[in-house]
Structures are given as structure tokens and as C-alpha cells.
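For the sequence shown, our numbering assigns the number 108 to the initial residue and increments by one for each residue that follows.
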Amino acid sequence: MARAALLLPVALLLCLALAGSAGAARKTVGVYELKNKKGDFSIKVTNWGATLMSVIAPDSKGNLADVVLGYDTVAGFVNGSSYFGALVGRVANRVAKGRFVLDGKAYHLYINDGKNALHGGHRGFSKVIWTVKEYVPDCDSPYITFYYRSFDGEQGFPGDLDVYVTYQLSGPYDLSLHMNATALNKATPVNLVNHAYWNLAGHGSGDVLGHVIQVLASQYTPVDQSMIPTGEIAAVAGTPYDLRRPTPLGSRIGLVSGGGAVGYDVNYAVHGQGFTLVARVRDPASGRAFELWANQPGVQLYTSNWLKDEKGKAGKVYGKYGALCLETQAFPDAVNHPNFPSAILRPGGVYRHDMLFKFSS
Numbered sequence: 108m109a110r111a112a113l114l115l116p117v118a119l120l121l122c123l124a125l126a127g128s129a130g131a132a133r134k135t136v137g138v139y140e141l142k143n144k145k146g147d148f149s150i151k152v153t154n155w156g157a158t159l160m161s162v163i164a165p166d167s168k169g170n171l172a173d174v175v176l177g178y179d180t181v182a183g184f185v186n187g188s189s190y191f192g193a194l195v196g197r198v199a200n201r202v203a204k205g206r207f208v209l210d211g212k213a214y215h216l217y218i219n220d221g222k223n224a225l226h227g228g229h230r231g232f233s234k235v236i237w238t239v240k241e242y243v244p245d246c247d248s249p250y251i252t253f254y255y256r257s258f259d260g261e262q263g264f265p266g267d268l269d270v271y272v273t274y275q276l277s278g279p280y281d282l283s284l285h286m287n288a289t290a291l292n293k294a295t296p297v298n299l300v301n302h303a304y305w306n307l308a309g310h311g312s313g314d315v316l317g318h319v320i321q322v323l324a325s326q327y328t329p330v331d332q333s334m335i336p337t338g339e340i341a342a343v344a345g346t347p348y349d350l351r352r353p354t355p356l357g358s359r360i361g362l363v364s365g366g367g368a369v370g371y372d373v374n375y376a377v378h379g380q381g382f383t384l385v386a387r388v389r390d391p392a393s394g395r396a397f398e399l400w401a402n403q404p405g406v407q408l409y410t411s412n413w414l415k416d417e418k419g420k421a422g423k424v425y426g427k428y429g430a431l432c433l434e435t436q437a438f439p440d441a442v443n444h445p446n447f448p449s450a451i452l453r454p455g456g457v458y459r460h461d462m463l464f465k466f467s468s
């Protein structure tokens, strides 16, 4: 059932009731800006879904543009279904049949993608109101930290979980994300993802087929027709998934598909250990580029294969291949594949996911 649109101006603070619990305390939803000292690099975020709403960056001539897809108002993100800029969890990507067994007990998740669970369920972390714990806009490295307490049984996941995400301008043209989660009383899978859609020519400027991409991974995880990993960790060598050298997206995109749509929608096994360089992206026309660094074992490359006539910011209409996503992550469906790096967090354990986007032009 479609939900009625909410006409909520970005400039205003919004009061939304927490869904699913009558009489729950009301929380305020706001929009927050971080800006570098020069004023030519900035982001906006909202505590609805801990969502990245905009990233303003200069091109090679100093012209500014917003390089992520999204909506003008928080209402757009509330009602949207594409996860633009959202913080996705408790477990991002897919869990086969919404089921897994942990310590001898079977858990059943909310099914919202065919027969599978996707991005934390019907009401995952991207569809809740986060608490603003700190907002420090006036310093050399401005930042904001959001907090969410996920309760035992939420969308079928076990145990209470404390979750924090910090957005920070850690350098003049650097955007850092720090995601932490602590399991309080039960073992649980955790896989948090930022789902930003990037178009370095500017959101709504057309497709990204001219973007040049490099993914520093020699292996990937093939999937079946339901986008569930087969369990194989395969070599990219000799396949269209080999992006180890800078490659224009348009030169390969017609050779790959996922879930019945032509285009990239695949998890790569990242080179190296710890915090490492994952990918490079450049738009030759504008000169804008970024490096992505992270500390997760995988990264999902998605080329907006399913976007169609999505009305976004400033009246722009987003279409197929209108952006690319690079989601550093645990391997999809890791809970059902013992040969994949574990995504299980034990009680008292702390999950740490760090990302760094280093922009240049």
C-alpha cells in the first residue's frame, strides 16, 4: 500500500511519531550541515535513517555541484524506496529466505525482497529516527554523531544493539564515516552500510557510464537469480567483473547483470587487511574524483540498474545508470555461508566499520 506523501520543508524541524508503538516518545527530525573552512565542500545529513542527503564538491574549474542523489525534503527520504544515502542495517544486503541459524537456534527475519530479507527488513535502520548525540559544526574537522538502540527481536534479529554513526569532514575535501555497534546481550549478525548514490558530474546530470572506476579486488562472490551468493569466491580475471585497472563503466556494463537487470550489482572481496584502499572513481568531464578507503572485507558495486523515473532534488529525474553505489560491507548472506568472513558480533563485542572518501578535482 502506498503511503501518503508528506509535504515537509527541509528548513523545518519535523516531529514524527515512532512507528509501531502507540504512545512512544516523539523525536525531532532535523537537517544538519557540515562545511569545510573554505566553504566549497559540504554535506547535509538527517537523523531520519542517519541519511546522507547531499555532498557539495568542486570540479576542476571550481564549480560546485551536489554529487549524490536524493530528495529536497526529509519527506522524500521517509517515503522513498531506493535507500538514497541511508545508513542500512541491522544487516545490509540480502539474507537468503530471511533465515539463519546461530548457536543452534533458527531466526526468521522480515521478508521484503521476494523470498529473501533485504537491508534489515521492512523497517530497518534506514527507516527509523536516530538520536543526535553530538553536533559540532564549527571546528576544523566538523562532525555529527547519531545513535540508535535496536531492540531484541527487531525485524527478527536477536539481542539489543547499540549503534553509532559519525559523519565527519576529516580533511578539507575528505568525508569520513565511522560506524560502531555493541551487542548487549545476545550474539547477532551485524552489517552496516552507507547507501549513497554517486554521480560526480552532479546528481541528475545523466548516466555515469562515462565514469572511470577501479575496484582493487581480484575476487568476487557470484550470485544466483535471486541475488543470493552461491558460496563461491571466484576470480575476476578474464571476466567483465575485472576492474582492477581504471575502466570506463560503459565499456563493460552491458556484459554483466544481476537479478534480471543489466549492470553491476555484485560484491567484491577487497584486497588486503585492515583499513585499505578499496576503489577509485573519476568523472573525466568534470574532473571530480574520489578514493574510497575502508576496513570491511567486501564492497558492493551497484550501478542503479533499477532506477526509473525517480523524481529527485531540484526537479531532476533519475533514471537507469544515473549513479553508482560503492557499499563497503560484510559479504552478503554471510550468516549462511561458513566460508565467508564472519558477520557475527558476540555480547560485549564491538563492530567497527570505517570509510573515507578522499575527493579531488
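Glycine included, each C-beta is placed from N, C-alpha and C at the ideal position.
Since the structure is predicted, the reported quantities are computational estimates derived from the model, not experimental observations.
| Query | Result |
| --- | --- |
| Starting from the Cα of residue 136, find the closest Cα among 291, 328 and 253 and give me that residue. | 253 |
| If you check the beta carbons only, do residue 385 and residue 401 fall under 8 Å apart? | yes |
| Excluding the five sequence neighbours on either side, which residues of its own chain have a C-beta within less than 7 Å of the C-beta of residue 243, listed in chain order? | 249 and 250 |
| Measuring only the C-alpha atoms, how far is residue 132 from residue 228? | Confidence at residue 132 is low in this model, with a pLDDT of 41, below 50, so its placement is unreliable and no value can be given for it. |
| Between which two residues does the beta strand (DSSP E) containing residue 397 stretch? | 396-401 |
| How close, in whole Å, do the beta carbons of residue 203 and residue 440 come, if the pair is a contact with beta carbons under 8 Å? | 5 Å |
| First and last residue of the beta strand (DSSP E) that includes residue 301? | 300-302 |
| At what residues does the beta strand (DSSP E) containing residue 182 begin and finish? | Element bounds for residue 182: not the beta strand (DSSP E) but the alpha helix (DSSP H), 181-186. |
| Which of the three DSSP states, helix, strand or coil, is assigned to residue 109? | Because residue 109 carries a pLDDT of 33, less than 50, the predicted location of this residue cannot be relied on, and no value is offered for it. |
| Between which two residues does the beta strand (DSSP E) containing residue 286 stretch? | 281-290 |
| Any idea what DSSP makes of residue 272, helix, strand or coil? | strand |
| Just verifying my parser: in three-state terms, what is the DSSP assignment at residue 218? | coil |
| Using a Cβ distance threshold of 8 Å, determine whether the stretch 286-293 contacts the stretch 458-467, with at least three qualifying pairs required. | yes |
| Between residue 374 and residue 464, is the Cβ-Cβ spacing less than 8 Å? | no |
| Measuring alpha carbon to alpha carbon, tell me which residue in 247, 269, 246 and 263 is nearest residue 257. | 269 |
| Let me know if residue 417 comes out buried or exposed under the rule of 16 or more other beta-carbons within 10 Å of its beta-carbon. | buried |
| Output the distance between the C-alpha atoms of residue 127 and residue 215, rounded to the nearest integer angstrom. | Model confidence at residue 127 stands at a pLDDT of 35, short of 50, so the residue's coordinates are unreliable and nothing is read from them. |
| Does the beta-carbon distance from residue 299 to residue 378 come in below 8 Å? | no |
| Just verifying my parser: in three-state terms, what is the DSSP assignment at residue 408? | strand |
| Let me confirm a value: residue 395 is counted as buried when at least 16 other C-beta atoms fall within 10 Å, else exposed. Which label applies? | buried |
| Please say whether residue 217 and residue 232 have beta carbons closer to each other than 8 Å? | no |
| Alpha carbon to alpha carbon, how far is residue 158 from residue 305? | 14 Å |
| Which one of 201, 239 and 150 has the shortest CA to CA distance from residue 502? | Any answer about residue 502 is impossible in this case: the structure gives the chain only from 108 up to 468. |
| Given this structure, state the Cα-to-Cα distance separating residue 348 from residue 220, to the nearest angstrom. | 24 Å |
| For residue 437, name the three-state secondary structure that DSSP assigns. | coil |
| Shortest alpha-carbon distance to residue 391 belongs to which of 330, 290 and 168? | 168 |
| Sort 246, 206, 205 and 419 by Cα distance to residue 181 and report the nearest one. | 419 |
| Could you pull out every residue in the same chain whose Cβ sits closer than 6 Å to the Cβ of residue 273, ignoring the five residues on either side in sequence? | 250, 252 and 285 |
| Using a threshold of 8 Å, state whether the C-beta atoms of residue 380 and residue 406 are closer than that. | no |
| In its own chain, which residues sit with a C-beta less than 6 Å from the C-beta of residue 134, not counting the 5 before and 5 after it? | 236 |
| In this structure, does DSSP put residue 131 in helix, strand or coil? | Confidence is the limiting factor: at residue 131 the pLDDT is only 36, short of 50, which leaves the residue's position unreliable, though a coordinate-based value still follows. DSSP places residue 131 in coil when its eight states are reduced to three. |
| Taking the C-alpha atoms as reference points, what is the distance between residue 363 and residue 357? | 11 Å |
| What number of angstroms, rounded off, separates the C-alpha of residue 195 from the C-alpha of residue 345? | 33 Å |
| If I measure Cβ to Cβ from residue 341 and keep anything under 8 Å in the same chain, skipping five residues before and after, which residues do I get? | 326, 327, 328 and 329 |
| With DSSP collapsed to three states, give me the class of residue 234. | helix |
| Is it buried or exposed for residue 261, if we count other Cβ within 10 angstroms and need 16 for buried? | buried |
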